[in-house]
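The opening position of the sequence shown corresponds to residue 2 in the working numbering, with each subsequent residue numbered one higher.
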Amino acid sequence: MTRNDTTAEALTLADARRLRADRARQVADVLRRQVLYGEFRSGALPAEGQLVREFGTSRNTVREALDLLRAEGLIERCPGVGTHAVAEKYPHGLERLLGLAETLREHGEVANEVRTTGLITPSREISARLRRPPGEPVVYIERIRRLNGLPLSLDLTYIARDLGEPLLAEDLARNDIFVLLERIAGQPLGLAEVTLEAVNADPHSAATLDAPRDAALLMLERLTHLADGRPVDLEFIRFRGDRIAMSGTLHRTHP
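(1) Expressed to the nearest angstrom, what Euclidean distance is found between the alpha-carbon atoms of T84 and I76?
(2) Step through the CB atoms of chain D and report whether any lies within less than 7 Å of the CB of R18.
(3) Give me the Cα-Cα distance between L224 and L95, rounded to the nearest whole angstrom.
(4) How about I160 and V140: are their beta carbons less than 7 Å apart?
(5) Counting only runs that start and end within the region 147-214, where is the beta strand (DSSP E) found for 3 or more residues in a row?
(6) DSSP puts A112 in a beta bridge; with which residues?
(7) Comparing C-alpha positions only, which one of A186, H226, G44 and R106 sits nearest to V82?
(8) Find out if the Cβ-Cβ distance for the pair A102, V115 is shorter than 7 Å.
(9) Hey, quick one: how far does the alpha helix (DSSP H) through G50 stretch, first residue to last?
(10) On a CA-only basis, which of D172, G150 and E40 is nearest I142? Give me that one, please.
(11) DSSP three-state call for S59: helix, strand or coil?
(12) Mind checking whether L155 and T209 have CB atoms under 7 Å apart?
(13) Sorted by chain position, which residues of the same chain lie with C-beta nearer than 6 Å to F260's C-beta, five sequence neighbours on each side aside?
(14) Can you say whether R133 is buried or exposed, counting buried as having 16 or more other CB atoms within 10 angstroms of its CB?
(15) First and last residue of the beta strand (DSSP E) that includes E236?
(16) With a CB to CB cut of under 6 Å and the five nearest residues on each side skipped, what residues in its chain are close to A212?
(17) So the candidates are L192, A174, R239 and E107; which of them puts its Cα closest to the Cα of E198?
(18) Which residue from E40, H252, L190 and R24 puts its Cα closest to that of L235?
(19) Considering only DSSP beta bridges, list what H85 is partnered with.
(20) Counting only the same chain and skipping the five closest in sequence on each side, list residues whose C-beta sits under 7 Å from that of D68.
(21) Can you have a look at G249 and say buried or exposed, based on whether 16 or more other CB atoms are within 10 angstroms of its CB?
(22) Find the nearest neighbour of A29 within the set E65, P47 and G50, judged by alpha-carbon distance.
(23) D163: which of D243, G119 and L219 sits nearest, CA to CA?
(24) What three-state label does DSSP hand A216 in the structure shown?
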């Protein structure tokens with residue numbers, strides 16, 4: 002075999018591995034959703050042979066896909082027993098403006114651990130977002146949100162003072178802030194501007210959420226307005242990415 006033949010064979014093997022890795026990710030993407038949304042009712046995934054037939058791919062590709070899901074902590078593979086789902090994500094819709102307890106009421110009990118409350122002098126950016134004069138105090142609330150006892154999110158909330166101070170007298174451990182705000186304001190909430198991105202867990206967030214340091218978190222920044230358009234609630238919410246899934250329905254409109 003010539004040197005050129007050896008090089009060509011190496012490239013062919015590399016291409017084959019790359020193609021198999023690409024296909025494994027495609028299979029893993031489909032299986033991930035099925036695992037996270039409980040489509041395998043017994044918790045057991047189909048046998049490898051059945052997955053090979055379903056996806057029309059090789060056994061090695063299926064095994065690589067399952068290895069990806071195992072590395073994410075979503076499944077366990079036991080020789081002689083099979084492959085079982087060990088994780089579930091809770092759906093959080095992005096189409097309606099709801100508090101966490103309102104959103105997840107079908108999935109269990111949301112409990113709030115209130116860590117910090119009080120008046121603070123915010124940064125100029127936060128004052129501007131809430132349309133308050135620079136230097137005017139706002140109410141700051143920090144909470145851990147748990148679903149069925151498991152840490153789900155760390156919420157840092159800034160609220161305009163006139164609504165926030167009465168809020169501090171309410172039961173924040175058992176109520177969503179949205180529900181309380183509407184009662185205090187005497188009008189419903191209207192809309193919210195939302196930004197969603199992935200961030201790595203800093204040491205404080207990781208310890209608070211009982212997550213590995215540098216684990217991927219979903220960061221939701223939300224500025225909520227009353228129905229009259231006034232912005233009153235600015236939140237920075239860090240969700241455990243392995244326990245929540247954001248979803249919504251998008252409608253295409255033509256310019």
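Don't be surprised by glycine CBs; every beta carbon is placed ideally from N, CA and C.
All values derive from a computational prediction rather than experimental measurement.
Inspection of the coordinates gives the following:
(1) 7 Å
(2) Given the protein chain composition of this structure (a single chain), no chain D is represented.
(3) 14 Å
(4) Against a cut-off of 7 Å, the Cβ pair of V140 and I160 comes out as a contact.
(5) 151-161 and 190-201
(6) Within the DSSP secondary-structure output, A112 pairs in a beta bridge with R147.
(7) G44
(8) No.
(9) E49 to F56
(10) The candidate whose alpha carbon is nearest that of I142 is D172.
(11) coil
(12) yes
(13) Any question about residue 260 goes unanswered here, given that the chain covers just 2 to 256.
(14) buried
(15) P232 to R241
(16) A202 and R241
(17) Residue R239 holds the alpha-carbon nearest to the alpha-carbon of E198 among L192, A174, R239 and E107.
(18) L190
(19) DSSP output for H85 lists A45 and E77 as bridge partner(s).
(20) none
(21) G249 is exposed by the Cβ-count criterion.
(22) E65
(23) G119
(24) If DSSP states are grouped into helix, strand and coil, A216 belongs with coil.
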